[in-house]
Amino acid sequence: MTHLFVSDLHLDAAEPEASDQFIAFLRGEARAAAALYILGDLFEAWVGDDDDDPERARVCAALATYTSSGVPCFVMHGNRDFLLGERFAAHTGCRLIADAVVTEIEGVRTLLAHGDLFCTGDVKYQQLRTIVRDPEWQRRLLALPLADRKLISGEARAGSRAHTSRVLPEIMDANPVAIEVATREFDVDVVIHGHTHRPGVHEFLVDGRPRKRIVLGAWYEQGSVIEAGPGGFQLRTLPRLNSPPRA
Ligand code: MN
Numbered sequence: 605m606t607h608l609f610v611s612d613l614h615l616d617a618a619e620p621e622a623s624d625q626f627i628a629f630l631r632g633e634a635r636a637a638a639a640l641y642i643l644g645d646l647f648e649a650w651v652g653d654d655d656d657d658p659e660r661a662r663v664c665a666a667l668a669t670y671t672s673s674g675v676p677c678f679v680m681h682g683n684r685d686f687l688l689g690e691r692f693a694a695h696t697g698c699r700l701i702a703d704a705v706v707t708e709i710e711g712v713r714t715l716l717a718h719g720d721l722f723c724t725g726d727v728k729y730q731q732l733r734t735i736v737r738d739p740e741w742q743r744r745l746l747a748l749p750l751a752d753r754k755l756i757s758g759e760a761r762a763g764s765r766a767h768t769s770r771v772l773p774e775i776m777d778a779n780p781v782a783i784e785v786a787t788r789e790f791d792v793d794v795v796i797h798g799h800t801h802r803p804g805v806h807e808f809l810v811d812g813r814p815r816k817r818i819v820l821g822a823w824y825e826q827g828s829v830i831e832a833g834p835g836g837f838q839l840r841t842l843p844r845l846n847s848p849p850r851a
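Each residue of the sequence shown is one higher than the one before, starting from 605 at the first, in the numbering used here.
Right, dumping it as structure tokens:
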């Protein structure tokens, strides 16, 4: 039985093909897994569990069907869907997990994280991250009417696009020192994360011990999954069969 990991699906009504592919994935290969881990940014935006968006409801219904088949599904907050809450969890049967968290996969101590925590070079982003992950700030935001939260979310996404267009790509990438510190502090051999949309496998030594960082890709044009089984960890792309790549 394999453990599957995905992140950065950024599901949104504007790109229903990604939702279609994810739902097909839940009905297909993910059904045979021991567990599925969604490591943040499942949704492009999540303004609260009372969100009435039909595309998000479609994905949540598919998750509910999936978990009711008996496969545990763990969901971590990303920087887009940090407001996923207990009602989402109850409705979908998914379990919310902390960012970051250590788990043992096939006997290997593994750190799971969304990944933005490691982007320490982007100081402005880290300041914003501290604010939006503050429970008191989130409580005040959730107290606003849904329509107001949708407006704020739209503005935040525009602000994020403006920021990422100004900042150098290497500043926004995971910082190697932050990764090194995390492997030491959490005492792990493998780190799995997303967020940077730079899928890849990085092998390095920390304190003379081999470590591996596996980065998941986004689901904009194709799927990206890590499969962990007796043969180790494998990063794979999932071709989108039914629609041509975006121009
Ligand atoms: Mn992210």
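Quick reminder that beta carbons are idealized off the backbone N, C-alpha and C, glycines included.
Buried or exposed for Gln-838, please, with buried defined as at least 16 other CB atoms from any protein chain shown within 10 angstroms of its CB.
exposed
Nearest residue (CA-CA) to Ile-818, options Met-776, His-718 and Gln-826:
His-718
Could you tell me if Asp-752 is buried or exposed, where buried requires 16 or more neighbouring beta carbons within 10 angstroms of its beta carbon?
exposed
Measuring CB atoms only, is the stretch 804 to 824 touching the stretch 605 to 616, in the sense that at least three cross pairs come out at less than 8 Å?
yes
For the beta strand (DSSP E) holding Met-776, just list the boundary residues, first then last.
Counting along the chain, Met-776 falls outside any beta strand (DSSP E), though it belongs to the alpha helix (DSSP H) covering 773 to 776.
With hydrogens ignored, establish whether the beta-carbon of Asp-777 is closer than 7 Å to any heavy atom of the ligand MN.
Because no heavy atom of the ligand MN lies under 7 Å away, the Cβ of Asp-777 does not count as near it: no.
Using the Cα positions of Leu-716 and His-806, report the straight-line distance between them to the nearest angstrom.
The straight-line gap from Cα to Cα measures roughly 15 Å.
For Arg-733, is the beta carbon positioned less than 7 Å from some heavy atom of the ligand MN?
no
At a cut-off of 7 Å, would you count Asp-720 as near the ligand MN, judging by its Cβ distance to the nearest heavy atom?
yes
Along the chain, which unbroken stretches of the beta strand (DSSP E) at least 3 residues long are found entirely within the stretch 609 to 660?
639 to 643
Let me know if Asp-645 comes out buried or exposed under the rule of 16 or more other beta-carbons within 10 Å of its beta-carbon.
Asp-645 comes out buried.
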